[in-house]
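The C-terminal position of the sequence shown is numbered 508 in our numbering, with every residue numbered one higher than the one before it.
Down below is the structure, laid out as structure tokens.
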Amino acid sequence: MADHDVIIIGAGFGGMGAAISLKRLGYGAETADIAILEREDDLGGTWHVNHYPGLAVDIASVTYSYSFEPNPHWKHWFARGAELKAYAEHVADKYDLRRHMQFGVLAEGARWDEEAQHWVLITRPVGGGRRKTRTARFLMTATGFLSQPKLPDIEGVDDFAGTVVHTAKWDDGVDLDGKRIAVIGTGATAVQLIPEIARRAAHLTVFQRTPIWVTPKTDFRIPGPVQSLFAAQPWTQRAARRVNSAWLEAMMVTAVLHYKQAKVLNQGAAALAKAHLRRQVRDPETRRKLTPDYSFGCKRPTFSNEYYPTFNRSDVALETTPIRRITPTGIVTADAHGRETSHEIDVLVLATGFNLWDTNFPAIEVIGRDGKDLGKSWRTNGYHAFEGVTVAGFPNFISLNSPYSYSGLSYFMTIEVQMRHIERLFTELGERAATTFEVTAEADAEFLDHMLARMDDTVFNQGSCGTARSYYYTNEGDAVLLRPTSSGSARRAVEEFPLEDYAFA
Ligand code: NAP
């Protein structure tokens with residue numbers, strides 16, 4: 004007898020969504036039936052971990068939320084980080100999820116026990132302590148894509164004697180006022196953080212290796228009467244969600260997924276970003292440095308009205324000469340002729356993103372039937388997961404952060420499709436009075452072929468992406484993170500995939 008029916012690893016929006024689905028199906032009557040294990044000290048995933056200045060979502064909140072749990076009281080069109088954390092807490096309370104959660108628990112590895120027909124998971128308390136073995140009939144990993152902060156591979160990064168902070172490990176006590184500050188990185192996080200830091204620093208130097216496409220952000224405070232309307236007439240907020248989601252979907256489908264057929268729309272998005280840059284930055288040389296040389300969409304573009312004007316300030320410098328090394332007192336750059344320049348600083352901010360491919364696929368060691376190691380198999384034989392959730396050889400296992408799982412621009416589009424997958428699968432399991440499910444090798448392979456064929460039209464294959472480094476690409480350079488179909492198609496597929504694609508026993 005297993006300790007739990009289901010273990011879910013991760014108490015962010017993905018893990019909570021999975022738990023809500025299971026509870027809809029009748030699981031979780033006893034608290035121990037569902038265990039949600041979380042390495043952090045509270046729920047909310049990325050919205051608990053991240054709290055750097057300027058943190059906000061860049062997908063409008065009417066869309067970036069569960070469709071079945073609208074929040075009429077978003078204060079801004081793009082919610083700030085703290086609001087999203089509060090929303091996560093609200094969801095946990097409303098759906099009675101907290102009692103299933105255990106915090107400060109690090110999952111290390113899981114192995115399918117064929118004889119006992121359950122998963123055996125090894126965990127240990129964060130910060131040390133005794134390892135523990137837990138068993139569960141079903142295992143679900145919901146560990147997020149952007150959860151392992153990446154330190155830059157720059158010589159001397161550990162030698163800096165001043166304050167060093169990574170954006171995903173932000174220290175709210177860090178003193179920025181009147182300091183000489185360097186930010187390394189110009190991804191979506193840096194775009195939010197840089198204007199905030201510039202307001203407080205004596206001098207800010209931004210070290211850019213690759214510029215990012217930035218388009219205007221139509222943000223505004225949602226007036227009280229509109230919030231009241233959303234609360235009194237929920238259909239109005241649903242309508243706003245539909246319009247906004249359709250717009251995001253159109254952007255994704257045309258500019259990224261159908262680049263081959265709709266190149267002109269992709270170029271239109273790039274032209275919009277260039278016009279935004281021209282309007283907002285005075286100096287032509289700075290504009291040149293901030294202009295990407297890869298196709299729009301090769302790496303995730305971002306939205307901001309404040310990022311570009313920051314570079315008009317006399318106390319902000321944009322440095323594009325490559326970093327040679329970090330010293331105890333600052334950063335040394337070296338130009339093409341080897342000429343070195345030293346930048347003395349007090350605070351070093353690493354906005355250098357996340358490591359996905361070495362650590363997150365999968366996030367823990369997962370050993371399935373016949374000793375098959377999921378991570379090794381993915382790295383050796385290629386990345387695949389049926390409908391972005393299940394893999395042949397891994398019974399009773401749902402991997403929510405899988406290859407080809409990310410659908411659409413809002414993570415909630417992905418989560419809700421995955422929730423529906425769980426609901427169909429577990430309903431069938433119940434109806435057949437079966438105890439195990441496993442996707443067939445044929446269905447798994449056929450889905451991969453379908454994804455690879457769809458990849459042909461995308462900006463990743465057809466665009467000019469050579470200079471766009473992004474976590475979208477594996478270490479081998481393949482873009483296997485995003486599902487190259489529309490969200491509508493993903494929603495239809497989850498309703499229609501034949502249940503014979505699974506073996507039940
Ligand atoms: P990121 O997009 O991976 O950007 C990391 C930055 O650090 C890049 O500019 C990268 O340059 C630079 N970098 C890394 N290593 C370096 C090195 N050794 N030397 C110099 N530069 C280096 O990470 P992120 O900005 O944290 O964003 C990650 C994702 O988080 C976003 O794409 C988005 O999905 C999500 N996010 C979302 C929101 C939101 O509102 N929804 C907000 C923030 C972030 P290269 O490009 O040259 O590698």
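Just so it is clear, CB atoms sit at the ideal spot from N, CA and C, and this is done for glycine as well.
Just verifying my parser: in three-state terms, what is the DSSP assignment at residue i?
{"i": "F299", "result": "coil"}
{"i": "I367", "result": "coil"}
{"i": "K182", "result": "coil"}
{"i": "Y311", "result": "helix"}
{"i": "H93", "result": "helix"}
{"i": "K577", "result": "Any answer about residue 577 is impossible in this case: the structure gives the chain only from 4 up to 508."}
{"i": "M254", "result": "helix"}
{"i": "H206", "result": "strand"}
{"i": "M104", "result": "strand"}
{"i": "A38", "result": "strand"}
{"i": "V162", "result": "The sequence shown places Asp at residue 162, rather than the Val named in the question. D162: coil per DSSP, three-state reduction."}
{"i": "M4", "result": "coil"}
Can residue i be considered in contact with ligand 1, in the sense that its beta carbon sits closer than 6 Å to one or more heavy atoms?
{"i": "R328", "result": "no"}
{"i": "G190", "result": "yes"}
{"i": "T289", "result": "no"}
{"i": "L109", "result": "no"}
{"i": "G84", "result": "no"}
{"i": "T477", "result": "no"}
{"i": "L40", "result": "no"}
{"i": "R303", "result": "yes"}
{"i": "V60", "result": "yes"}
{"i": "D180", "result": "no"}
{"i": "D452", "result": "no"}
{"i": "L351", "result": "no"}
{"i": "T213", "result": "yes"}
{"i": "P155", "result": "yes"}
{"i": "Y474", "result": "yes"}
{"i": "T355", "result": "yes"}
{"i": "G149", "result": "Note that residue 149 is Leu in the sequence shown, not Gly. It does: the Cβ of L149 is within 6 Å (strictly closer) of some heavy atom of ligand 1."}
Between the alpha carbons of residue i and residue j, how many angstroms are there, rounded?
{"i": "V9", "j": "W80", "result": "36 Å"}
{"i": "W216", "j": "R316", "result": "20 Å"}
{"i": "E117", "j": "A506", "result": "15 Å"}
{"i": "P214", "j": "I39", "result": "39 Å"}
{"i": "R494", "j": "E441", "result": "21 Å"}
{"i": "A14", "j": "V267", "result": "41 Å"}
{"i": "R457", "j": "G491", "result": "15 Å"}
{"i": "Q421", "j": "I348", "result": "46 Å"}
{"i": "K302", "j": "D6", "result": "42 Å"}
{"i": "T218", "j": "D61", "result": "11 Å"}
{"i": "E479", "j": "G378", "result": "14 Å"}
{"i": "D318", "j": "K182", "result": "11 Å"}
{"i": "I425", "j": "F210", "result": "44 Å"}
{"i": "T477", "j": "D376", "result": "18 Å"}
{"i": "L154", "j": "A201", "result": "22 Å"}
{"i": "A2", "j": "W360", "result": "For the chain, the structure presents residues 4 to 508; residue 2 sits outside this window and is missing."}
{"i": "V352", "j": "P304", "result": "21 Å"}
{"i": "R212", "j": "G356", "result": "13 Å"}
{"i": "T221", "j": "A242", "result": "18 Å"}
{"i": "G300", "j": "A273", "result": "9 Å"}
{"i": "S68", "j": "N74", "result": "8 Å"}
{"i": "L451", "j": "A205", "result": "52 Å"}
{"i": "G271", "j": "R133", "result": "57 Å"}
{"i": "R435", "j": "R427", "result": "12 Å"}
{"i": "A278", "j": "A496", "result": "39 Å"}
Pull up the CB-CB distance for residue i and residue j, whole angstroms please, since I reckon it's below 8 Å.
{"i": "I225", "j": "K78", "result": "6 Å"}
{"i": "G188", "j": "A354", "result": "4 Å"}
{"i": "A82", "j": "A59", "result": "7 Å"}
{"i": "W522", "j": "A139", "result": "Residue 522 is absent from the model: the chain starts at 4 and stops at 508."}
{"i": "V52", "j": "A171", "result": "6 Å"}
{"i": "R486", "j": "S410", "result": "5 Å"}
{"i": "T208", "j": "E322", "result": "5 Å"}
{"i": "Q120", "j": "T443", "result": "Going by Cβ atoms, the distance from Q120 to T443 rounds to 18 Å, so no, they are not a contact pair."}
{"i": "T34", "j": "H103", "result": "6 Å"}
{"i": "T144", "j": "S402", "result": "5 Å"}
{"i": "P406", "j": "E199", "result": "Contact flag wrong, Cβ pair sits at about 35 Å."}
{"i": "T461", "j": "V259", "result": "6 Å"}
Problem - Given 8 Å, three or more beta-carbon pairs between the stretch 424–436 and the stretch 228–236 - result: no
Practice task
Please determine if the stretch 9–26 and the stretch 153–170 are in contact, where contact requires at least 3 C-beta pairs separated by less than 8 Å.
Solution key: no
Problem - Segment contact, 8 Å Cβ cut-off, at least three pairs: the stretch 394–401 with the stretch 458–476 - result: no
Exercise for the section: Give a yes or no on contact between the stretch 270–288 and the stretch 301–313, applying the rule of three or more CB pairs nearer than 8 Å. Expected result: yes
Practice task
Spell out a yes or no on whether the stretch 85–94 and the stretch 123–142 are touching, meaning 3 or more CB-CB pairs, one atom from each, closer than 8 Å.
Solution key: no
Handout entry: Segment contact, 8 Å Cβ cut-off, at least three pairs: the stretch 325–333 with the stretch 241–252
Key = no
Exercise for the section: Pair every Cβ in the stretch 108–115 with every Cβ in the stretch 363–376, then say whether three or more of these pairs are closer than 8 Å. Expected result: yes
Handout entry: Cβ pair count under 8 Å reaching 3, the stretch 290–305 against the stretch 172–179
Key = no
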